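Worksheet for the structure shown next.
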Amino acid sequence: MYYFPLQPPYFLLLVGFLTALTSGLALSGTLKVIVQKWPSERTENTKPRSSLKQLLVPFIGITGGTCLFLSSGLEIFGFPSTLALGVGLPISLFTCLLVWLQLGSMMTFIEREGMQSLDLDSFS
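Numbering (UniProt numbering), first residue to last: 1 to 124.
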């Protein structure tokens with residue numbers, strides 16, 4: 001006989017969403033502080049990799065919250081727990097890895113070319 005779970009993981013879905021949301025706000029605030037410090041600390045020794053170290057903890061929070069949210073959402077739609085985690089974990093880790101690599105390359109580009117290089121509206 002097949003037994004359905006008594007309660008879908010709505011609480012875990014909410015916890016994952018709130019974790020990703022608050023970590024995203026922390027990442028945004030930290031990124032703003034880093035970018036504001038760049039003009040005052042314009043030296044050759046400043047590397048974008050040292051700035052990325054400050055962003056690692058909030059980004060890991062986003063990754064964990066996204067994984068929990070996605071896995072819980074799949075469980076709500078009837079996937080077994082192991083299959084939901086088996087699908088949610090690789091998708092969220094791969095996506096967050098790609099975003100992390102893009103963030104690092106954009107920070108390197110901005111530090112090398114300046115913020116005006118990202119302005120797509122100007123034709124100078």
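Virtual Cβ for every residue (Gly too), placed ideally from N, Cα, C. All values derive from a computational prediction rather than experimental measurement.
| Check | Outcome |
| --- | --- |
| Segment contact flag, the stretch 92 to 101 with the stretch 72 to 84, C-beta cutoff 8 Å, min 3 pairs | no |
| Sequence-distant residues of the same chain with beta carbon closer than 6 Å to residue 52, five excluded per side | 104 |
| CB of residue 67 within 7 Å of CB of residue 89, strictly | yes |
| Best match in 18, 20, 56, 10 for proximity to residue 31 [C-alpha to C-alpha] | 56 |
| Three-state secondary structure assigned by DSSP to residue 38 | coil |
| Residue 24 vs residue 60 beta-carbon contact at 7 Å | no |
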